[in-house]
Amino acid sequence: MSQPTDVSRRAAVLGAAASGALLWAGGEGARAQAAKPSELRIGITTFLSGPASVFGVPSRQAAELLIEQINRAGGIGGVPLRAFFVDEAPGADHLVGEYRRLVQNENVQVVFASISSGSCLACTPLSTEMRKTTLLWDCGTQRVFEEGKHPYAFRTQGYGTPEVLAPLLYLLKHKPDFRTLAVINQDYAWGRDSWELWKAGMDALKPGVRVVAEMFPRFNSTDFSTEITRLLATRPDVVLSTSWGGELVTLVRQATERRLFERSLFVLPVAEASMQSLGRTMPAGHIIGARGDHWNNHPKPKNPEAMKRFVDGYRQRFNEYPIYPCHHMAQAFSALQAAYAKAIAAKGGGWPNDAELADAFRGLTFDTPTSTITLREDGQGLEDQLVGLSSQGERFPFAVPRDMVIFPAAMVSTPVGQKSVDWLKSLKPDILAQVPAPIAG
Amino acid sequence: MSRRAEALLALGGIAALVFTAWAAPWLRFVLTVALAKGLAVLGILLLLRAGQVSFGHAMFLALGAYTVAFAAPAVPETLVLLPAAALLAGGAGLLIGLFVVRYRDIFFGMLNLALSMVFYSVLEKFYAVTKGTDGIRMPNLSVAGVEPGSEAQGWIMFSLALGLALLCAVGVRAYLGSPMGQALAGIKTRETRLEFLGVPARRVLLFAYVLSAMMGGIAGALIAMTSRHVTPQLAYWTSSGELIFIGILGGAGSALGPFLGAVAFELVRVYAAAAVADAWQMILGGVLLAVILFAPGGLVGILSRRRRQA
Amino acid sequence: MTAPLLSARGLRLAFGGVKAADGIDLDVMPGEFLAIIGPNGAGKTTFINMTTGYLRPQAGTIEYEGRPILGLAPRAIVRRGIGRSFQLPQLFTEHTVLENAALAIAARAGIWSPLAALLRPGYRREAMALLARFGLVGVAEARANALNEGARKLADIAMAAALEPRLLLMDEPTSGVAASEKMGVVETLVRVLREAGVTAVFVEHDMEVVARFADRVAVWSQGRIVTLGPPAAVLADPAVRREVIGIEPAHA
Amino acid sequence: MGEWFTENGLLLGLAALDGLAYAALVFMVAVGLNLVFGVLRIVNVAHGSLFAIGAYTAASVGLLFAAWGLPPAAGFAALLLGTALVGGVLGPVIERGVLRRVYGQEEVLQLLVTFALFMILEDVQKLVWGVQPVSQDAPMKVLGTVEVPFGDDTIPFTVYQLFVLPGVALFTLLGLAWFLRRTLTGRVIVAVTTDKEAAMAMGIDAARVTLLTFTFGAALAALGGALASPTTSLVPGIGASTIVLSFAVVATAGLGQIEGAALTSLLIGLGRSAAVYFEPELEVVVPYLIMVAVLLVRPQGLFGVVEARRV
C-alpha cells in the first residue's frame, strides 16, 4: 500500500523541482535579452471567445497566414516569427496579467494589443512600464493618445474620430437636407464614444438636426424589434448605427424585413465586417464604412497585386473573404517589417533593442495593399477612410460600396495635441468643400 | 484537517507562493490577483456555511475596485484606499444584507444575482461617470506617502495581499469556531431551532454577510491596485460564478481552501489560456466537473485525505 | 392564591376549515407539571406553537407572568423564559451533541462573540454537565444526525433546558423512545426539571406517563379543552377513556 | 398624466405588441428552467447553453434544408427537428451522465456542476459553429408582414413576431397546464415539485421523473432557441445573456410555477419595451427591478406557496 504513495510523492517532488527550474529559467531569460534572437516572438491579444470573436478569430487566422508567408520569405532580418495568442474575453484584469506573462515569460519582442478599447487602455501603460513596443492593432478609442503619452505604443490603423467623421461628411454631401436623426448603438464604450464624436461633429457642421431617439440596447442583444418599431413610428430621416458583429446582422435583418430601410437612410460606419454574413439581405443605397480603406472593391489600390494576393490567399485557406480586422492585422505586420528594416539599417545590420525598435516606429511610413500609413509623433497611425453607398453586384455575393469617397487620413483625424470632441466642435462647414469627389466604383 | 496540518499547509503554501513570485516575476502578478480573489471567496465561504449561495458576490468585489478607482486621483494612497474600500463595501453589504438575509436558498442566490446585475448595468450605463466597458485606468499609488517603483510596487501589492489573506484566514477560522460562526452553520441545518434558542438568525447571517462584503471589497481594491484597471466585467454574473467555482475547487471545509482554490484556478486558467487560447473555458469547466464528481471536498479535501492515508 | 405563570384566553385559529383552536382557555400554575392529551389533530401542538410565537392565533390573548406575549417573535418569547422542545427533534444535524448543547448555552449566555471558540472551557464544562444530567455523555461527540430517536429527543429537551427557562413546553417528549427506556427517560427528565424548579407543559400519548408524572391533565378535542383536572379523575372519566385514549368501556 | 396618455397612448400600444413577442421568447426559456428547478431543485446554468445549441441546430438544419432545395416553409420543420434533436439527445446525456451523480449533494455543488457544463458547452458551440454570425431567417420571411395602423401611419410588423411567437408561447402554456393537471405523468411531476419526499414515499419512480422532466426542460430551452433563431443572428455568448434573465423569471415566478413564469415573462416583456420607448437607459435593469419589487411584497414569488415547516 505504501508503494503508490511513495511513487506519487517522488513524482510530486520532481515535478515541483522541474517547474521551479522552468520558472527560474523564465525569470533569468527576461533579464538578459540576446543580441539576435533565434525567433522573433510576438504576443497577440485578440478575442478568441465571446461575441467579439467574430473579429478576433478571423484576425488570428490572418496573423497565422501572414506569419507563414513572412517566414517562408526568410522572416524579418533573417529571424522567423512566432506568435503567442491571448484571449481578451476574460476581461482587462486578466489581460494585464497575460501581458506580463507574454513579456516576462514568453520573452516576446513586441506585443500586438487588442480589439477592445478597454484592453488597449489597460495595456498601453504597461508598454511604458515594461518598455515593450506595443502595436495597437485594432482598437479605436481616441482616449489612448489624447489622454496620455505612450512612447512604446503605436496604432497602426485609424481610430474612432476619422471612422465617424468620414461617414458624417459623406452623409452631409449625399443628403444635405436631412432634418431628423436617430441613433441605435451598442451599449459599451465604442457605441457611446462614437455617438459623442458624431454628435459633436454634426452639431458643428449642421446645427439644428433633431435627434428623435437615442437608443443604446444592451451589448450583445439578440433582438431589436422593439427599437425598430420605435424607429418606424418616429420616422427619422437618418438612422445611425456604429454596431458590428452579430448585432449589426440582426439589426439589418430585422429592419429590412420590416422595411425600415425604405423609410430612413442608414449610416453604418462599421458595416464592412458584416456584409458577408448579410449577403444579399443588405439593402442598397445606404452609407457604409470599413474602419479604413480596405474594401474589396477599392477603386485604385496602391498595390493591386498585394491586395489580390492577400485576399485570395485568405479566401483559399479559410473559404471566406478577409474582413477589416484581417486587414488591420496585416497592417500591423507590415509596420513591424518596415520598422525592423529601418532599425536594423540604422544599427548597421545589428539587432535593435527595445528602445531602438520603438524609435524606428516613430514617424514610420509603411505600405498597405491599398495605400500607405504614417505613424505620427504621438503614435497614432494615419489611415485613409473609404465610405460609399451599399450596392449589390455580380462580382461579390455581398454588398460593397459604390460612389466611393476616399477621405485622406489627415483631413479627418484630430491634430496632435487636441482632443477629438473639442476639435470636432470647432469644425466649420467649409470642410465639406475639401471632400474629394466620389468615384463610381 | 487537524490544526497542526492546517498550520503546516499554510506555512508551506506561503513559502511556495513567495518562492514562485520571486522566481517568476510575471507570476507574482497572477498570484497577487489569486490571493485577492481568495479573499473574496473566503467571504463567500462564510455564507456557504449558512447554506446560502450568493450568486452575485462579485458586486462587492467590483464595488471595492471602483471605490479605489474613483478615489485614487484624489487620494493616491494605498493605505487609505484599502480601508475605504472595505468600509464602503461593508456599508453596502449592510444595506443590501438587511434586505437579502430575509431570503433563503434560491431566492437568496437570485436576489444577490439580480442586485449584482443592477450594479453591473449601472457601471456600464453611466458611461459619462464610469467610462462604461472601457473601464477606469488608475494612476500610480503611494504607499505610506512614498511612491515606489514598479518592481517594488509589485512586491508591496503581493505582500499586502498575502498579509491580508493570512489575517483574514486566521480571523475567519476563529469566527467559524465561535458561537456566531457555529450558529451560522445552524442556519443551514435548523434555522427554526436557532430562533427557539433566542438567537436572531437573520442577524447572525447579516453579520456574516457584512463581513463577506468587506472581504469582497478588500479583494476588489487589491485587484484594482494590482491590475490598475477596473471594468464592469468584475461585477458580471459569470465573475460571481467564478468565485463560487474557486470556493468549491479549493474546498469549503477550511479557511485555506479559498486561497488554494484561487491559486489553482488562476494557474490553470493562465496555462490553459497559453496552451489552447480558444478553448480555455472548456478546460476550466472540465476541471470543475472533475473536482465535483470525484473530489467534492476540493483541493483541501484531497490533501487531508492524502495525509490520513500516509 | 398564586397568579398563573401562563394564562391563555379565547385562543382561536383555523386552517382552512379545520379548527385547531376553538376558544382555548388555560392557566398554567407555577411549578406544576401539566399534561396535554387528546387525539391527533386536536390542536395540541398548535397550542404550543401559539404560545411560543411560531403561529399567531386569529383571536384571544396569552399572558406570561402577567404580561401579554402574543405577537412576539419566538426568540423574544424564549428570552422571557419560555422554552420548548419539539415533536420532531430540531437539532443542528451537522454538529455534535456537545456542540448542540454548547450552542444552546451560548445562546443563553450571549452569542455575540465572533472570535472566542464555542467550545471554550466554560461552555464545554457546562455542556458536559448538562449532557450528564440527561444521560447523554456517551454520545457527546456523536453527530446529531447519527443518534437514535430516544437520544435525539433527550438532546432536544436538553437544549431547551440549557436555556434555563421558567416554563418548558414539550411536544411528545417520549414519542419514538423505545418502550423499555421510556420510564427511565421520563424519570430522568422530571427529576432534572423538578430540581431546577421548572414549570412544564407536555403533550403526551402514554397514559402511564401522564398518570405517574402529571399534576394536572388537560384533555384536547377538536380545538377545545374538554376536561381539565388531576390525572386520577380525568383518566378515570369514561368519556375521556373512550374518545381520547381509545379504550372502550369495560364490556369490550 | 391624462395629457401624457393622449400623446403617448399610441406608442404604448406599439410597446405592448413588442413586449408580447419578447415576453413569448423569455417565457419559452424560463418555463423550462422553472420546470426543471421544480423537480430537480437545481438551478440549471447550462439551460442557456441548451437554448443556444437549440438555436444553432435549428438554423443549421434550416440551412441544410435550403441547400437541398426544400421550400422556405420547410424552415418550420427545421425548427422542430432542431428542438427534438437537442432535447432528445443532450437532455438525457446531461441528466444521466452528470446531474444524476450529484443528486443529494450540497446545493452549491449541483449549481456548479451546471456552471461547469455551461463553460464546456460554450466552447463546444464555438468549435462546432465557429464565431461568425449564423442566421437562417426563412421562417420569418416566408410569412411576410402585416401593417398595424398607427395614427395616420401604419407600422409593418412581421407575422412571425406578431403571431407565431406569442402563439407558440400560448400554446406551450396551455399545453403544459393541461399536461401537468390532466395527465398522470404531469401530476406526478407536480407531486414531486410540491413535496419530493412525500412523492417518493408514495412509490414514485424519482429517477424516471427527473429524466423526463430534464429532457422536457431541455427541449423547451431548445425550442426557445429555435424560435428565436429566425429573428436573430447566432453568435458566441448568446446563452450567457439569455440564462441570467431566466434566473430572474424563475425566482420572481415562484418555484415550478408555469403560470407564474408566464405572468413574470409578460411583466418583463412589457416593462422592457415600455422602457425602450420612454426611458431606454432603464431597459436592462427592468427585469431585476421587477424581481426585487415582487420579492419584497411576496417573498415566495408571485405564485409561490409558503412552505410552513412542521415542527
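Chains as they are written, first to last, in my numbering: chain W, 471 to 911; chain Y, 11 to 320; chain U, 285 to 536; chain S, 116 to 426. Ideal placement from N, C-alpha and C gives every residue a C-beta, glycine not left out.
Here's a check: name, in chain order, each residue in its chain whose Cβ is nearer than 8 Å to the Cβ of residue i, leaving out the five neighbours to either side.
i	result
P632 of chain W	E853, Q855, F877, A879, V882, S883
V781 of chain W	N766, Y791, P792
L536 of chain W	M799, A800, F803
I405 of chain S	A363, T367, T379, L382, I383, G386
So residue i packs on residue j, CB below 8 Å; how close in whole Å?
i	j	result
S433 of chain S	Y137 of chain S	One cannot answer for residue 433 of chain S here, as it falls past the ends of chain S, which runs 116 to 426.
G858 of chain W	P871 of chain W	2 Å
E396 of chain S	K141 of chain Y	Not really, about 16 Å apart at Cβ, beyond 8 Å.
So, does the CB of residue i fall closer than 8 Å to a CB anywhere in chain Y?
i	result
A500 of chain W	Any reading at A500 of chain W must be qualified, since the residue scores a pLDDT of 37, below 50, and its modelled position is unreliable; no value is offered.
L387 of chain U	yes
Y403 of chain S	yes
V400 of chain S	yes
V249 of chain S	no
M443 of chain U	yes
F418 of chain U	no
K303 of chain U	no
L431 of chain U	no
L518 of chain W	yes
N690 of chain W	no
Three-state secondary structure (DSSP) at residue i?
i	result
M313 of chain U	coil
F278 of chain S	helix
Q225 of chain S	helix
Y982 of chain W	An answer regarding residue 982 of chain W cannot be provided, because it is not within the stretch 471 to 911 covered by chain W.
R112 of chain Y	coil
A287 of chain U	coil
R550 of chain W	Checking the sequence shown, residue 550 of chain W turns out to be Pro, not Arg. Note: P550 of chain W maps to coil in three-state DSSP.
Q656 of chain W	coil
M874 of chain W	strand
S664 of chain W	helix
E498 of chain W	Reliability fails at E498 of chain W, whose pLDDT of 41 lies under 50, so the model's placement of it is uncertain and no value is given.
D837 of chain W	strand
G858 of chain W	strand
According to DSSP, residue i sits in a beta bridge with which residue or residues?
i	result
E16 of chain Y	Answer is none; E16 of chain Y lacks a bridge partner.
D268 of chain S	S:F265
N292 of chain U	A small fix is needed here, since residue 292 of chain U is Ala in this sequence, not Asn. DSSP lists U:L310, U:I346 as partners of A292 of chain U.
W504 of chain U	U:I509
I512 of chain W	W:A553, W:V580
H239 of chain Y	Y:R147
Taking 8 Å as the CB-CB limit, is residue i close to chain S?
i	result
P166 of chain Y	It should be pointed out that residue 166 of chain Y corresponds to Ile in this sequence rather than to Pro. Judged by the 8 Å Cβ criterion, I166 of chain Y is not in contact with chain S.
P687 of chain W	yes
Q724 of chain W	yes
M127 of chain Y	yes
In its own chain, which residues sit with a C-beta less than 6 Å from the C-beta of residue i, not counting the 5 before and 5 after it?
i	result
G196 of chain Y	L204
S505 of chain U	G322, A326
L356 of chain U	G337
K889 of chain W	E616
Taking only beta-carbon positions, decide if residue i is within less than 8 Å of chain U.
i	result
A223 of chain Y	no
G187 of chain Y	yes
G208 of chain Y	yes
Keeping to the same chain, check which residues put their C-beta closer than 7 Å to that of residue i; ignore five residues upstream and five downstream.
i	result
V524 of chain U	V503, T511, V518
I302 of chain Y	I258
Could you confirm whether any beta carbon from chain W is found closer than 8 Å to the beta carbon of residue i?
i	result
G352 of chain S	yes
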